[in-house]
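At position 81 of the sequence shown (counting the first as 1) the number is 102 in the working numbering, and the numbers step up by one without a gap.
Here is the structure we will look at.
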Amino acid sequence: ALFDNGAMTSAMCTTVFKAVKHRLGGWKPCNRPLWMANGMLMHTVAEWTGMVSIEGVEAQGSFLVFNSRGGWAFLFRKPLLTVLRATHSYHTDQVTIMDGKNT
22 ALFDNGAMTS
32 AMCTTVFKAV
42 KHRLGGWKPC
52 NRPLWMANGM
62 LMHTVAEWTG
72 MVSIEGVEAQ
82 GSFLVFNSRG
92 GWAFLFRKPL
102 LTVLRATHSY
112 HTDQVTIMDG
122 KNT
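Shown next, in the form of structure tokens:
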């Protein structure tokens with residue numbers, strides 16, 4: 022996963038989505054254009070909303086699905102990182118996620 026404080030949306034790569042969509046509830050087709058930071062225009066194919074679990078820490082999340090071209094499987098934006106109580110250490114390039122019991 023890629024954790025990006027500046028991302029405008031959380032996203033899931035189409036490769037992952039195709040592998041797990043038969044197990045996911047809460048997804049719907051979506052054809053929304055997205056402009057990337059590099060100026061590329063990408064189109065979404067779906068949107069999924071559901072519970073995200075990372076190392077036992079859970080939060081409600083919503084992800085637009087589009088082809089990351091191998092850049093990442095999941096992209097987490099700041100609002101979701103806030104709900105997960107994530108802390109990013111830029112020095113070690115590690116993300117810590119807490120729920121009061123788990124780290």
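For every residue, glycine included, the Cβ atom is placed at its ideal position computed from N, Cα and C.
Can you name the start and end residues of the beta strand (DSSP E) that residue i belongs to?
i       : result
Ala-40  : It is not in any beta strand (DSSP E) - Ala-40 instead sits in the alpha helix (DSSP H) that spans 35 to 41.
Thr-108 : 107 to 110
Leu-55  : 54 to 56
Thr-117 : 115 to 118
What residue range does the alpha helix (DSSP H) around residue i cover?
i      : result
Val-66 : Taken as a continuous stretch (DSSP letters only), Val-66 belongs to no alpha helix (DSSP H), as it is neither H nor E.
Residues bridged to residue i by DSSP?
i      : result
Leu-96 : Leu-23, Ala-32
Ser-74 : Glu-79
Label residue i either buried or exposed according to how many other C-beta atoms from any shown protein chain fall within 10 Å of its C-beta, with 16 as the threshold for buried.
i      : result
Met-33 : buried
Trp-56 : exposed
I need the straight-line Cα distance from residue i to residue j, nearest angstrom please.
i       : j      : result
Arg-98  : Met-61 : 19 Å
Leu-85  : Thr-36 : 13 Å
Asn-123 : Val-78 : Low confidence applies here, because Asn-123 scores a pLDDT of 49, under 50, leaving its location unreliable; read the following figure in that light. Approximately 7 Å between the Cα atoms of the pair.
Met-72  : Thr-30 : 16 Å
Is the segment 22 to 35 close to the segment 86 to 98, with three or more CB pairs under 8 Å?
-> Contact between the segment 22 to 35 and the segment 86 to 98 is established, with three or more Cβ pairs separated by less than 8 Å.
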